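Colleague:
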Ligand SMILES: [Zn+2]
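Residue numbers (full-length UniProt numbering): 1 to 191.
1. Please list, in chain order, all residues of the same chain as residue 118 whose beta carbon is under 6 Å from its beta carbon, the five residues on each side excluded.
2. With residue 22 and residue 12 assumed to form a contact (beta carbons below 8 Å), what rounded beta-carbon distance in angstroms separates them?
3. The beta strand (DSSP E) that contains residue 113, what's its start and end?
4. Measuring only the C-alpha atoms, how far is residue 148 from residue 138?
5. Is the closest heavy atom of ligand 1 to the C-beta of residue 41 under 8 Å?
6. Excluding the 5 residues preceding and the 5 following residue 19 in the sequence, name in chain order all residues of the same chain whose CB lies nearer than 7 Å to its CB.
7. So within the stretch 7 to 44, which uninterrupted alpha helix (DSSP H) runs reach at least 4 residues, ignoring any that extend past its ends?
8. Pull the bridge partners of residue 105 from the DSSP assignment, please.
9. State the CB to CB distance for the pair residue 140 and residue 155, rounded to an integer number of angstroms; the pair is presumed to be in contact (CB under 8 Å).
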């Protein structure tokens with residue numbers, strides 16, 4: 001069943017990995033969590049294990065995701081934060097009761113009230129978004145340079161000059177496009 005869906009694009013920042021579940025936002029967008037089960041799959045992979053999700057919870061997840069995207073984009077380009085989006089992020093953060101716990105091998109894990117409490121999982125994502133939008137973490141929000149993507153990502157490179165949300169997809173595609181354009185300019189039509 002899972003094979004019929006495109007793979008997730010996983011990053012090290014929870015909030016922007018979440019917003020990346022809608023790919024190619026400015027082009028032919030691809031929804032990576034089109035069903036409640038796909039949201040369950042994504043949450044499990046990201047350390048927020050739930051075993052069930054309703055359609056209403058999926059809709060809430062989409063609403064949170066788009067709100068984080070809007071707020072992160074505004075921050076990246078220096079615009080005022082959108083009030084409605086901030087309200088959604090705050091509501092999701094307040095309503096969840098996830099607790100950080102420490103495993104015996106020293107890793108942080110999340111304890112949710114129950115395995116069907118998607119709201120608790122969403123509150124962890126909302127809190128993660130708050131920490132990067134508020135500038136509490138070492139890094140800078142930026143927008144992907146690919147015109148069909150423009151995803152907000154969290155740049156933790158030392159020079160803060162990362163251009164693409166993901167080197168393996170947007171970065172490579174841009175490189176190839178540049179390469180092809182250069183070849184055409186040089187009269188090499190063999191590619
Ligand atoms: Zn991108």
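Cβ atoms here follow ideal geometry from the backbone N, Cα and C, with glycine treated the same way.
None of the values given here were measured: they were computed from a predicted structure.
Modeller: In this structure, then:
1. Within the chain shown, the letter at position 118 stands for residue 118. Contacts found: 50, 53, 57.
2. On the chain shown, position 22 is the one that residue 22 refers to. On the chain shown, position 12 is the one that residue 12 refers to. No, residue 22 and residue 12 are not in contact; Cβ-Cβ is about 19 Å, not under 8 Å.
3. If you number the chain shown from 1, residue 113 lands on position 113. For residue 113, there is no enclosing beta strand (DSSP E), since its DSSP letter is neither H nor E.
4. Translated into the one-based positions of the chain shown, residue 148 becomes position 148. Translated into the one-based positions of the chain shown, residue 138 becomes position 138. The straight-line gap from Cα to Cα measures roughly 27 Å.
5. In the chain shown, residue 41 corresponds to position 41, counting from 1. The answer is no for residue 41.
6. Taking the first residue of the chain shown as 1, we reach residue 19 at position 19. Once the five neighbours on either side are set aside, the close Cβ partners of residue 19 are 65, 68, 69, 72, 151, 152.
7. 14 to 19
8. The residue you call residue 105 lines up with position 105 of the chain shown. Beta-bridge pairing links residue 105 to no other residue.
9. Here residue 140 corresponds to residue number 140 of the chain shown, with the count starting at 1. Here residue 155 corresponds to residue number 155 of the chain shown, with the count starting at 1. That pair is a contact at about 5 Å.
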